[in-house]
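First the structure, in the form of structure tokens, and then the observations on it.
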Amino acid sequence: METPTDKKPSPLKEITQPFVDLVHAPRALWGVNLPYFLEGMVYFGILGYLAIYFSDFVFAGVAHADVWSHRMVMVQTAGITIAMFFLGFVPDKFGVRRALLLAFAVMLAGRLVIAAGPALGFAPGLWGSLHLATLAGILLVVVGYGMYQPAAYAAVRQFTNEKTAAMGYAMLYALMNLGGYLPTFAFLIRDEKYLGWGIPGAFWVYAAFTLVSLLATFLILSPRTVQEAVEKARRERGEAPEGPKARPPFSLGNWLRTHPLTDLKFTFFIFALIPVQTLFTYNWLILPQYVSRCYTGWIGEKFEIASNFNPLLVFIAVPVITALTYRRKVYTMMIAGTFVMAVPAFFLALGTNFWTLFAYLVVMTIGEAMWQPRFLQYAAEIAPEGRTGEYMGVAQLPWFLTKVLVPALYSGWMLERYCPHGFDPSQGTAEPQTMWFIFGCIAICSSLLLLLARGWVGKDFKTRAS
Numbered sequence: 001m002e003t004p005t006d007k008k009p010s011p012l013k014e015i016t017q018p019f020v021d022l023v024h025a026p027r028a029l030w031g032v033n034l035p036y037f038l039e040g041m042v043y044f045g046i047l048g049y050l051a052i053y054f055s056d057f058v059f060a061g062v063a064h065a066d067v068w069s070h071r072m073v074m075v076q077t078a079g080i081t082i083a084m085f086f087l088g089f090v091p092d093k094f095g096v097r098r099a100l101l102l103a104f105a106v107m108l109a110g111r112l113v114i115a116a117g118p119a120l121g122f123a124p125g126l127w128g129s130l131h132l133a134t135l136a137g138i139l140l141v142v143v144g145y146g147m148y149q150p151a152a153y154a155a156v157r158q159f160t161n162e163k164t165a166a167m168g169y170a171m172l173y174a175l176m177n178l179g180g181y182l183p184t185f186a187f188l189i190r191d192e193k194y195l196g197w198g199i200p201g202a203f204w205v206y207a208a209f210t211l212v213s214l215l216a217t218f219l220i221l222s223p224r225t226v227q228e229a230v231e232k233a234r235r236e237r238g239e240a241p242e243g244p245k246a247r248p249p250f251s252l253g254n255w256l257r258t259h260p261l262t263d264l265k266f267t268f269f270i271f272a273l274i275p276v277q278t279l280f281t282y283n284w285l286i287l288p289q290y291v292s293r294c295y296t297g298w299i300g301e302k303f304e305i306a307s308n309f310n311p312l313l314v315f316i317a318v319p320v321i322t323a324l325t326y327r328r329k330v331y332t333m334m335i336a337g338t339f340v341m342a343v344p345a346f347f348l349a350l351g352t353n354f355w356t357l358f359a360y361l362v363v364m365t366i367g368e369a370m371w372q373p374r375f376l377q378y379a380a381e382i383a384p385e386g387r388t389g390e391y392m393g394v395a396q397l398p399w400f401l402t403k404v405l406v407p408a409l410y411s412g413w414m415l416e417r418y419c420p421h422g423f424d425p426s427q428g429t430a431e432p433q434t435m436w437f438i439f440g441c442i443a444i445c446s447s448l449l450l451l452l453a454r455g456w457v458g459k460d461f462k463t464r465a466s
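Numbering (my numbering), first residue to last: 1 to 466.
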């Protein structure tokens, strides 16, 4: 017999509830969520174009342009992770409103520098003026984003109580994915059949939306709104006006003894996920260039539809699959989910056509929805009281390594070897199927590692802190 707490959640309610909550959200949360939605669109929109922009504009005529372009994308994706590690203190020290405004201002400056490079006539080429200007813009974005995401999550934490926190984070997740889907329609800006502004023109549009986010944060998230929201949440949590108590003094010896990586099972578990996480990096490193180069007709011309399809699918699939599988054991779901996510890479190894591409996107997302939320749940629940952030940070370490290793070691070389610039799909002069077969072999190693270690890691597998 089911108890009220064991009642199976409704998939439809899980999808719609974030938007119901959004309508009734207080002003302070609107000041976080609306810019977060716009930033999801801007960040993923620029990221999807960045490798193509470097290859076709910045490094035009440069030997191994794809290799260099992927390494420049790595500067942004990996740099943001490093920046969040060093700049996560900013909202705690200066307040979430100031941190958000500063973050948007710095990101706006960076995106304006990136967009202005071609208009100012900067020379292309490796370490040319266009390369250096674009790199400077990326570094500004890295610094801004390093403050932005910690500030956004800190704001939700400060503006909510125990009953509304889950709603607040769910809204952030839903809006980020929905915003990440909107760049699907960026071909209307880029394509000559429509506005014809090209990729540099799209960069200007995304910079303008960053300005909108900055103004929305300034106008909606006023100092009075922040103060009232924080005080209200503290009263609801039963906290004193001055906030949480101070932590005990830091001890290096105690930190080393209790560090999450001292748990060998936990360490093996998170690092075994690196192979399957390489598929995430292909969404912005490989997929836009692969689709634009290897597919004829509307698929190749409007490659944004395929390369930005994943966020919409994630938005739909995660709550549905979570509702259907919430009773399953975490370790079992990790093995099954990583396997389902890895297998679709072999679909693209069968051929370059609409159906293999569609099947890859759909099935890969189903696999992602099976294991990714459970992994984050595991990392949060296994953490002792007061150390959730530490465990969540360590759990992201393999993801950071993936964002470094894939572009640094092989993604550009693979694209250049099996799907080069100027590749004519009708001639069959390259072998993109081989590239995806190799990618599939890499990704499926996660499932094999977890399966082989089931007797060790899976035995007495903790899902909550003792």
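Each residue gets a CB set at the ideal place from its N, CA and C atoms; glycine is no exception.
Evaluate residue i with the Cβ neighbour count: other Cβ atoms within 10 Å of its Cβ, from every protein chain shown; 16 or more gives buried, anything less gives exposed.
| i | result |
| --- | --- |
| residue 456 | exposed |
| residue 85 | exposed |
| residue 353 | exposed |
| residue 219 | exposed |
| residue 2 | Any reading at residue 2 is ruled out, since the residue's pLDDT is 38, under 50, leaving its predicted position unreliable. |
| residue 368 | buried |
| residue 13 | exposed |
| residue 162 | exposed |
| residue 194 | exposed |
| residue 137 | buried |
| residue 223 | exposed |
| residue 196 | exposed |
| residue 127 | exposed |
| residue 304 | buried |
| residue 238 | exposed |
| residue 277 | buried |
| residue 371 | buried |
| residue 257 | exposed |
| residue 449 | buried |
| residue 68 | buried |
| residue 4 | In this prediction, residue 4 has a pLDDT of 42, which is less than 50 and means its spatial position is unreliable; nothing more can be read from the coordinates. |
| residue 231 | exposed |
| residue 296 | exposed |
Specify the secondary structure class of residue i as computed by DSSP and reduced to three states.
| i | result |
| --- | --- |
| residue 153 | helix |
| residue 236 | helix |
| residue 3 | Low local confidence applies: a pLDDT of 41 at residue 3 is under 50, so the model's placement there is unreliable, with the coordinate-based value given in what follows. Residue 3 falls in the coil class under three-state DSSP. |
| residue 327 | coil |
| residue 302 | coil |
| residue 134 | helix |
| residue 459 | coil |
| residue 410 | coil |
| residue 308 | coil |
| residue 266 | helix |
| residue 419 | coil |
| residue 292 | helix |
| residue 366 | helix |
Residues in the same chain with beta-carbon distance under 7 Å from residue i, minus the five sequence neighbours each way, listed in chain order, please.
| i | result |
| --- | --- |
| residue 105 | 214 |
| residue 131 | 58, 125 |
| residue 60 | 124 |
| residue 435 | 414, 418, 419 |
| residue 63 | none |
| residue 38 | 179, 209, 212, 213 |
| residue 260 | 266, 390, 391, 394 |
| residue 356 | 347, 348, 350 |
| residue 318 | 369, 373 |
| residue 74 | 403, 404, 407, 408 |
Excluding the 5 residues preceding and the 5 following residue i in the sequence, name in chain order all residues of the same chain whose CB lies nearer than 6 Å to its CB.
| i | result |
| --- | --- |
| residue 159 | 28, 29, 229, 233 |
| residue 468 | Nothing in the structure corresponds to residue 468, since the chain is present only between 1 and 466. |
| residue 122 | 129, 130, 133 |
| residue 203 | 114, 115 |
| residue 65 | 55, 59 |
| residue 287 | 307 |
| residue 186 | 45, 202, 304 |
| residue 293 | 419, 423 |
Would you please verify whether the beta carbon of residue i is less than 8 Å from any beta carbon of chain D?
| i | result |
| --- | --- |
| residue 459 | Annotation note: the requested chain D is absent from the structure, which comprises a single protein chain. |
Leaving out five residues on either side along the sequence, give the residues of the same chain with a beta carbon under 8 Å from the beta carbon of residue i.
| i | result |
| --- | --- |
| residue 471 | Only positions 1 to 466 of the chain appear in the structure, and residue 471 is not among them; the question remains open. |
| residue 359 | 344, 347 |
>> Would you call the stretch 324-344 in contact with the stretch 432-449, where contact means no fewer than 3 C-beta pairs closer than 8 Å?
In response: yes
>> Across the stretch 44-62 and the stretch 168-175, are there enough close Cβ pairs to call them in contact, namely three or more that are closer than 8 Å?
In response: no
> Taking contact to mean at least 3 C-beta pairs separated by less than 8 Å, is the stretch 137-146 in contact with the stretch 92-100?
Replying inline: no
> Counting Cβ pairs, one atom from each stretch, are 3 or more of them under 8 Å apart for the stretch 198-210 and the stretch 109-121?
Replying inline: yes
> Do the stretch 318-326 and the stretch 342-350 make contact, defined as three or more Cβ pairs closer than 8 Å?
Replying inline: no
>> Could you tell me which whole beta strand (DSSP E) segments of length 3 or greater appear in the stretch 37-67?
In response: none
>> Just to confirm the assignment: which complete alpha helix (DSSP H) runs, minimum length 4, are found wholly within the stretch 137-216?
In response: 165-181, 187-190
> Which whole runs of the alpha helix (DSSP H) in the stretch 69-128 are 4 residues long or more, in chain order?
Replying inline: 90-94, 96-119
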